[in-house]
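The block underneath contains the structure these notes are about, expressed in structure tokens.
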Amino acid sequence: MSKDDFLDDKALNQLEEEEEDEEDHQQENEDDLFEDALENNMDVDDNEDVVMGDDDGDDDEEDEEEEVVTRSNGHVTATSNGSHNVVFHDSGTNEIPEDLLKYTGRRPIPLCTNTDKCEGYDIVPYVAAIHSCPVHAIDLSWELKWMFTGGQDGFVRKYDFFASVNGKLPLTVAQRHPFVDCVTKAGVLTSYWENEQPVYETDIKPKDGLYEPKLSCVYSLAAHSRCLWLLSGLQSGGITLMSVRHNEGQIQAYLEKHTSTVSVLVLNQWENRLLSGSWDKTVNEWDLDTGNVVRTFEGISGQVSTVQYQPVGGAMVSRNLGLEGLDSDRTARGKEILEGEEDDDDKSMGSLFGSDEEEEGETEVKKEEVDVVAEKEASESVKPGDGDGGEEPTRNATSESIFLTSAIDGTVDIWDRRQQQRITRIAVPQGTPPWCMSACWSTDGDRIYVGRRNSTVEEFSLRGNVHIPSKVFKFPSVSGAVSTVAAMPNNRHVLCGSHDNVRLYDVQSSKQQAVPFWIVPGHQGGILSSIKVDPSCRYMVTSSGDRGWSGTSSTDVALVYEIDPIVGSNAP
Numbered sequence: 003m004s005k006d007d008f009l010d011d012k013a014l015n016q017l018e019e020e021e022e023d024e025e026d027h028q029q030e031n032e033d034d035l036f037e038d039a040l041e042n043n044m045d046v047d048d049n050e051d052v053v054m055g056d057d058d059g060d061d062d063e064e065d066e067e068e069e070v071v072t073r074s075n076g077h078v079t080a081t082s083n084g085s086h087n088v089v090f091h092d093s094g095t096n097e098i099p100e101d102l103l104k105y106t107g108r109r110p111i112p113l114c115t116n117t118d119k120c121e122g123y124d125i126v127p128y129v130a131a132i133h134s135c136p137v138h139a140i141d142l143s144w145e146l147k148w149m150f151t152g153g154q155d156g157f158v159r160k161y162d163f164f165a166s167v168n169g170k171l172p173l174t175v176a177q178r179h180p181f182v183d184c185v186t187k188a189g190v191l192t193s194y195w196e197n198e199q200p201v202y203e204t205d206i207k208p209k210d211g212l213y214e215p216k217l218s219c220v221y222s223l224a225a226h227s228r229c230l231w232l233l234s235g236l237q238s239g240g241i242t243l244m245s246v247r248h249n250e251g252q253i254q255a256y257l258e259k260h261t262s263t264v265s266v267l268v269l270n271q272w273e274n275r276l277l278s279g280s281w282d283k284t285v286n287e288w289d290l291d292t293g294n295v296v297r298t299f300e301g302i303s304g305q306v307s308t309v310q311y312q313p314v315g316g317a318m319v320s321r322n323l324g325l326e327g328l329d330s331d332r333t334a335r336g337k338e339i340l341e342g343e344e345d346d347d348d349k350s351m352g353s354l355f356g357s358d359e360e361e362e363g364e365t366e367v368k369k370e371e372v373d374v375v376a377e378k379e380a381s382e383s384v385k386p387g388d389g390d391g392g393e394e395p396t397r398n399a400t401s402e403s404i405f406l407t408s409a410i411d412g413t414v415d416i417w418d419r420r421q422q423q424r425i426t427r428i429a430v431p432q433g434t435p436p437w438c439m440s441a442c443w444s445t446d447g448d449r450i451y452v453g454r455r456n457s458t459v460e461e462f463s464l465r466g467n468v469h470i471p472s473k474v475f476k477f478p479s480v481s482g483a484v485s486t487v488a489a490m491p492n493n494r495h496v497l498c499g500s501h502d503n504v505r506l507y508d509v510q511s512s513k514q515q516a517v518p519f520w521i522v523p524g525h526q527g528g529i530l531s532s533i534k535v536d537p538s539c540r541y542m543v544t545s546s547g548d549r550g551w552s553g554t555s556s557t558d559v560a561l562v563y564e565i566d567p568i569v570g571s572n573a574p
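Heads up: the sequence shown at position 250 corresponds to 252 in my numbering, and the numbers run straight through without jumps.
Take a look at the structure:
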């Protein structure tokens, strides 16, 4: 083989040295250009790259240590002099882009088709999340990825909502026995953890050196919309903020202000403020960015059972009601149930659904004691489908200022979070037992529905005399106390949970209608702790538990229902 076919090592080394020299020469030229730009305040290239150099014109040593400031997309960035490896482009503004500052929070979720214009709902249960204890609290992620439940045993459980609804885990034959035939799916439990009461290190004195967590019953839950964290109320009055996606169940913050059990937790629209109601008869507003109490609302006459923001579009509460209210010992007068004051259990047993002779439906106060004009306005404001007429209506927006609270002694207070004193108080009407486990706003925010112990639901209109019930919806006395209420998006129906079952009440039904409500199958034979309807009004969840008050029996289960709107002639 001829040696001309190969390059010797000397020739190869010479070629490599020539290439290195050429690269060094090119780099030196670039460095010289950059130094000239620094001295003359000139641009390095034509891409509007701005580099600020020496402005005073001198060559002292301070200029060598001076920082070069560049701007990139409106953000100011500082680099040491000479570190020109990174190129920054100038956008011509010093403001941070709006899309980076804007926090979407709970994005509006459109309602399912016709749910706001329908004449009724077909609500059928499919999923049963069986527990071994009463379920006092439930909450859902904003887009229904997860469902959280809290029980008497002191554990928080996380369910995969989609997997549960899609039937990934069927119920066994023995588990299906106490439910209706349509309940065939079981809740898919993904994880659970202790609702732990934090303690000081000085209080830990284990004999064997092991730490046993102190558990607390879960009476309230509030989940972040994207499930980054979860808030849980404790019996001691504290509130724990636990991570969910990472280090699941780990306590990241502890909010301490209340002196008794925290019974209600409600987040605002932006999820940076928290309202907490407690058995110490106070409501605290928390700033979750700092963990401090912004203000405390005092003067509630009993243990707080409900806290709820007013839906956007409701009546101007402050303007209509003023600052004056009723004392807790005063009662509203003038309510009279049309079918009589007697409460005959035998009569109710004879006709569970009512009859022409015994009308157990909608009742009203005396005509001479009702503001006729206000009643007309209220009736006009509850027409189904009344809204802005958008293609995708939503009912997710709530007021950031007005909210109501209910106490276990039956009183309901309306508050404006911008002031310490309440706007007004709705006292217990004459002849009504002093008891209330649940109260809610109507969808338009003009009326308040209050569940009572004597198998009734009272409606108070903000457009009339708010201290006197505008309507009273009476159920058979055997149904038991109405422990939870929830309004539907068509502004016509209200879900009322009693000991025997859940009823869907038509608040616009006439007196001639013998049965103004429909029984929702599923729940039976236990007190209800809560009813949750998802933002799209596609699913509903009920849980059974006494929330630490009544001490009655519980079914120890959370049921998931599917909601279908009934339109036109298909309505019952």
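All residues carry an ideal CB built from backbone N, CA and C; glycine is no exception.
- Inter-residue distance for arginine 494 and aspartate 508 is about 6 angstroms (C-alpha atoms, whole angstroms).
- Counting of Cβ neighbours within 10 angstroms places glycine 189 among the buried residues, the total reaching 16 or more.
- Per DSSP, the unbroken beta strand (DSSP E) holding serine 265 starts and ends at 264-269.
- Judged by DSSP in its simplified three-state form, glutamine 432 adopts coil rather than helix or strand.
- Between serine 538 and isoleucine 206 a beta carbon distance of about 46 angstroms is seen, past the 8 angstroms cut, so the two are scored as non-contacting.
- In this structure, the beta-carbon distance from glutamate 198 to proline 215 falls below 7 angstroms.
- Inter-segment contact for the region 552-559 and the region 111-127 is absent: fewer than three beta-carbon pairs are separated by less than 8 angstroms.
- Separation of leucine 232 and tyrosine 256 (C-alpha to C-alpha, rounded to the nearest whole angstrom) is 12 angstroms.
- Only buried fits alanine 409, as 16 or more other CB atoms lie within 10 angstroms of its CB.
- For alanine 255, the enclosing beta strand (DSSP E) stretches over residues 253-258.
- Under the three-state reduction of DSSP, valine 306 is assigned to strand.
- In the same chain as aspartate 162, and ignoring 5 residues on each side of it, the C-beta atoms closer than 6 angstroms to its own belong to Val190, Thr192, in chain order.
- By the C-beta criterion, the region 151-158 is judged not to be in contact with the region 527-535, since fewer than 3 inter-stretch pairs fall below 8 angstroms.
- Across the set Glu21, Gln510, Leu464, Val306, the C-alpha of Val306 shows the shortest separation from the C-alpha of serine 222.
- Of the residues assessed, threonine 151 falls on the buried side of the cut-off, its CB having 16 or more other CB atoms within 10 angstroms.
- Aspartate 141 and lysine 534 have their alpha carbons spaced roughly 8 angstroms apart.
- Contact fails between the region 511-520 and the region 454-468, because fewer than three Cβ pairs, one in each stretch, are under 8 angstroms apart.
- Counting along the chain, the unbroken beta strand (DSSP E) around phenylalanine 299 starts and ends at 294-299.
- Shown here, threonine 458 sits in a strand according to DSSP, grouped into three states.
- Listed in chain order, the non-local C-beta contacts of glutamate 258 below 8 angstroms within the same chain comprise Gly239, Gly240, Ile241, local neighbours out to five positions each way being set aside.
- A check of alpha carbon separations from serine 166 across Arg275, His138, Val182, Ile132 identifies Ile132 as the nearest.
- Between alanine 441 and valine 484, the gap from beta carbon to beta carbon reaches 7 angstroms or more.
- Phe477 is the residue among Glu121, Val137, Gly279, Phe477 whose C-alpha sits nearest the C-alpha of arginine 505.
- In this structure, leucine 236 lies away from arginine 247, with their beta-carbon atoms at least 7 angstroms apart.
- In the three-state scheme derived from DSSP, where H, G and I count as helix and E and B as strand, alanine 165 is classed as helix.
- In the structure shown, the three-state DSSP call for glutamine 312 is strand.
- Bridge pairing for phenylalanine 519: Tyr507 [DSSP].
- Assigned with DSSP and collapsed to three states, serine 401 falls in strand.
- Between the alpha carbons of proline 127 and glutamate 250 lies a gap of roughly 30 angstroms.
- In terms of Cα proximity to tryptophan 288, the closest of Trp281, Asp282, Leu277 is Leu277.
- Contact annotation: asparagine 492 and isoleucine 521 have beta-carbon atoms that are not nearer than 7 angstroms.
- The C-beta distance from glycine 447 to valine 487 rounds to 15 angstroms, too long to meet the 8 angstroms contact threshold.
- Per DSSP, the unbroken alpha helix (DSSP H) holding alanine 176 starts and ends at 175-178.
- Judged by DSSP in its simplified three-state form, valine 480 adopts helix.
- Annotation for histidine 495: the continuous beta strand (DSSP E) segment containing it runs 495-499.
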